[in-house]
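See below for the structure under consideration.
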Amino acid sequence: MGVIGITQSLAHELAPWNITVNAFCPGIIESEMWDYKRPRLGRNPQHRGRSATVKAS
């Protein structure tokens, strides 16, 4: 919630100068539990980096 809160606050404060604020929240931490669930979810964390690069540019 901290990342979202500070992002919303900065967006509100900087809006008068037409400055937009975005954030990428921390994702899943690699662990034994994640290794168990990853095949079931069918997601590959490396794909998120490409999406973040496009959105940030």
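Take any residue in the sequence shown, note its place counting from 1, add 860, and you have its number in our numbering. Glycine included, every Cβ here is placed at the ideal spot set by N, Cα and C.
Going straight from the alpha carbon of N882 to that of V863, what length do you get? 10 Å
Can you give me the C-alpha to C-alpha distance between G808 and T867, rounded to a whole angstrom? Missing from the structure shown is residue 808; the chain here goes from 861 to 917 and no further.
Hey, does E873 have any beta-carbon neighbour from chain B nearer than 9 Å? Any reference to chain B falls outside this structure, which holds one protein chain only.
Rounding to the nearest angstrom, what Cα-Cα distance links W877 and S869 in this structure? 14 Å
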